[in-house]
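Using our numbering, the first residue of the sequence shown is number 2, and each one after it goes up by one.
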Amino acid sequence: MLTRSAVTGKPRNGVILYIGGQQQARGALCLSESAEFLELFCLQRSLKMVYNFKVFKKCAPNGKLTLYMAKREFVDHISFVEPIDGVVMVDEEYVRGRKVFAQVLCTFRYGREEDEVMGLNFYKELYLASEQIYPAPEKPSYDLTRTQERLIRKLGAGAFPFRLNVPAGAPGSVTLQPALEDEGEPCGVHYYVKLFVGDSEIDRSHRRSTVALGIRKVQFAPSKPGPQPCTVVRKDFVLSPGQLELELTLDKQLYIHGEPIAVNICVRNHSNKVVKKIKACVQQAVDVLLLQNGQYRNIVSSVETQDGCPLQPGASLQKVVTLTPALGTLRDRRGLALDAQLKRHDATLASTTLLLEPEQRDAFGIVVSYSAKVKLYLGALGGELSAELPFILMHPKEGRGKLIQADSQADVEMFRQDTVHHQESVEVY
Numbered sequence: 002m003l004t005r006s007a008v009t010g011k012p013r014n015g016v017i018l019y020i021g022g023q024q025q026a027r028g029a030l031c032l033s034e035s036a037e038f039l040e041l042f043c044l045q046r047s048l049k050m051v052y053n054f055k056v057f058k059k060c061a062p063n064g065k066l067t068l069y070m071a072k073r074e075f076v077d078h079i080s081f082v083e084p085i086d087g088v089v090m091v092d093e094e095y096v097r098g099r100k101v102f103a104q105v106l107c108t109f110r111y112g113r114e115e116d117e118v119m120g121l122n123f124y125k126e127l128y129l130a131s132e133q134i135y136p137a138p139e140k141p142s143y144d145l146t147r148t149q150e151r152l153i154r155k156l157g158a159g160a161f162p163f164r165l166n167v168p169a170g171a172p173g174s175v176t177l178q179p180a181l182e183d184e185g186e187p188c189g190v191h192y193y194v195k196l197f198v199g200d201s202e203i204d205r206s207h208r209r210s211t212v213a214l215g216i217r218k219v220q221f222a223p224s225k226p227g228p229q230p231c232t233v234v235r236k237d238f239v240l241s242p243g244q245l246e247l248e249l250t251l252d253k254q255l256y257i258h259g260e261p262i263a264v265n266i267c268v269r270n271h272s273n274k275v276v277k278k279i280k281a282c283v284q285q286a287v288d289v290l291l292l293q294n295g296q297y298r299n300i301v302s303s304v305e306t307q308d309g310c311p312l313q314p315g316a317s318l319q320k321v322v323t324l325t326p327a328l329g330t331l332r333d334r335r336g337l338a339l340d341a342q343l344k345r346h347d348a349t350l351a352s353t354t355l356l357l358e359p360e361q362r363d364a365f366g367i368v369v370s371y372s373a374k375v376k377l378y379l380g381a382l383g384g385e386l387s388a389e390l391p392f393i394l395m396h397p398k399e400g401r402g403k404l405i406q407a408d409s410q411a412d413v414e415m416f417r418q419d420t421v422h423h424q425e426s427v428e429v430y
């Protein structure tokens, strides 16, 4: 975090831009198409109290439109999705006589870019929300967030707020991992906030006056986990008496990414067959809903053991196998479902997709689920016996504190901002 001494010995009024340790002019804020991360600091001299709020910034190539957003990850609460809000800085001389629109764009790529030949296209676009920003309505139909109020007060008359509402049931942000030799945009579902200048919301946008900033729609682990998963399967044999019984239990239903999964295995051999080997694995099931045969599975963790084997007729075996699903050694596995991460983030396995109703599946979505599977091998003539238990793998709600969002320190201090005489500075990462 930037301290007062890191800026100057005696803070001056106005806005200062630092890039790589070099002080730049205010006009250099509009740099390129790539998203910039700004951190705005305010200092109350009398109490020496420092508070901050963080925003993401992206400019159009011609510098006439600038997008500011407090965060780029929006939580899907299953029954509703957090509204997407921000502030747009508009050059009113440039857009005079025209309009500025903000839209939420969901893109779904279900085939490789290099396979698109002879007019064949494996790419769909969904416009989930749209709002006219400029000319602005006399009074917004919603209350501005504290970050929007501060940005509008800081940026001046050319700043306009917006709020976009994504419908519940919209597909989650998921990326299918490409192979090492693949080129182009990876398959999956991605979201963007798009700003453009035009005469109507269906007008064709021009690249030089368009801003597109990637965002994510995420889900977090539910606060109340479900019942403990448990199943029992039995197998009969032709011309052989008795049964082989396999009982499978997990210690809980909900797991956090990186947390080991303890699989409790209990085998009761009431048959005359011999169990020669046990294999346990965690499977990731991916369902690409647009494709009729778009279901497949990936093994993300596995272990094979012969401890306690061969298990003779009449004997029993109980043991616990620990599995930890992780991306680690699977970075070259094509088709693995990953969280659609933004820049400066490490990719992780995709979280379980939670649905309000089983039939509530968007045709352009990708549904991800996980299960623990145990298989007993009985030899060439005896065959196999397997059991499977589904579970939930997600990020915790506490992890949301790591997300880039505003009002963290200001909410704690609880002071009236309109009475504070402060100095502000801007740092670009």
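Ideal Cβ placement from N, Cα and C applies to all residues, glycine included.
Between which two residues does the beta strand (DSSP E) holding residue i run?
| i | result |
| --- | --- |
| Val-175 | 175–177 |
| Glu-246 | 241–251 |
| Glu-114 | Glu-114 -> no beta strand (DSSP E), and no H or E assigned at all. |
| Arg-235 | 231–238 |
| Met-70 | 66–70 |
| Thr-306 | 296–306 |
| His-191 | 189–199 |
| Ala-448 | Nothing about residue 448 can be reported from this structure: the residues present for the chain run from 2 to 430 only. |
| Gly-215 | 211–219 |
| Ile-203 | Run containing Ile-203: none; DSSP gives neither H nor E here. |
| Arg-332 | No beta strand (DSSP E) contains Arg-332, which DSSP labels as neither H nor E. |
| Ala-160 | 160–165 |
| Asp-340 | 338–340 |
| Leu-121 | Counting along the chain, Leu-121 falls outside any beta strand (DSSP E), and DSSP gives it neither H nor E. |
| Leu-255 | 255–257 |
Below 6 Å CB to CB, which residues in the same chain sit around residue i once its five sequence neighbours on both sides are set aside?
| i | result |
| --- | --- |
| Leu-386 | Lys-236, Leu-245, Leu-247 and Leu-377 |
| Lys-277 | Cys-310, Pro-311, Tyr-378 and Gly-380 |
| Tyr-69 | Val-56, Lys-58, Gly-87, Val-88 and Leu-152 |
| Arg-335 | Ala-180 |
| Lys-280 | Glu-305 and Lys-376 |
| Thr-354 | Gly-173, Val-368 and Val-369 |
| Gly-243 | His-271 and Ser-272 |
| Asn-299 | Gln-285 and Leu-337 |
Residues in the same chain with beta-carbon distance under 7 Å from residue i, minus the five sequence neighbours each way, listed in chain order, please.
| i | result |
| --- | --- |
| Pro-226 | Lys-253, Gln-254 and Leu-255 |
| Lys-140 | none |
Please state whether DSSP places residue i in a helix, a strand or coil.
| i | result |
| --- | --- |
| Tyr-143 | coil |
| Ser-370 | strand |
| Ser-80 | coil |
| Glu-385 | strand |
| Gln-149 | helix |
| Thr-354 | coil |
| Leu-129 | strand |
| Lys-320 | strand |
| Leu-312 | strand |
| Thr-325 | coil |
| Lys-277 | coil |
| Lys-398 | helix |
| Lys-58 | strand |
| Leu-156 | helix |
| Glu-74 | strand |
| Gln-293 | coil |
| Ala-103 | strand |
| Ala-286 | strand |
| Thr-349 | coil |
| Lys-376 | strand |
| Ala-26 | Legend: pLDDT at Ala-26 = 39, less than 50; position of this residue unreliable, value from coordinates given subsequently. Residue state, collapsed to three classes: coil. |
| Asp-183 | coil |
| Phe-392 | strand |
| Gly-227 | coil |
Count the other C-beta atoms from every protein chain shown that fall within 10 angstroms of the C-beta of residue i, then say buried if there are 16 or more, exposed otherwise.
| i | result |
| --- | --- |
| Gly-28 | Confidence at Gly-28 is low in this model, with a pLDDT of 38, below 50, so the placement of that residue should be treated as unreliable; the coordinate-derived value is given next. Exposed: under 16 other Cβ atoms inside 10 Å. |
| Gly-383 | buried |
| Phe-118 | Here residue 118 is Val; the residue named in the question, Phe, does not match the sequence. Answer is exposed; the Cβ neighbour count stays below 16. |
| Cys-188 | buried |
| Ala-103 | buried |
| Phe-416 | Reliability of the predicted coordinates at Phe-416 is poor, the pLDDT of 24 falling under 50, and the value obtained from them is presented with this limitation in mind. Burial call: exposed. |
| Phe-81 | exposed |
| Gln-229 | exposed |
| Glu-360 | exposed |
| Gly-329 | exposed |
| Ala-222 | buried |
| Cys-107 | buried |
| Ala-130 | buried |
| Ser-352 | buried |
Quick one: residues in its chain with C-beta nearer than 8 Å to the C-beta of residue i, no 5 flanking neighbours on either side, listed in chain order?
| i | result |
| --- | --- |
| Leu-181 | Asp-333 |
| Glu-260 | Thr-325 |
Let's see if you can read the secondary structure: which residues bound the alpha helix (DSSP H) around residue i?
| i | result |
| --- | --- |
| Glu-93 | 93–96 |
With a threshold of 7 Å between beta carbons, is residue i in contact with chain B?
| i | result |
| --- | --- |
| Gly-173 | Among the chains in the structure shown there is no chain B, since it carries only a single protein chain. |
**Report entry** Three or more C-beta pairs below 8 Å linking the segment 88–102 and the segment 110–129
**Finding:** no
Query raised in the report: Hey, is the segment 263–278 in contact with the segment 311–322, meaning 3+ C-beta pairs nearer than 8 Å?
Result: yes
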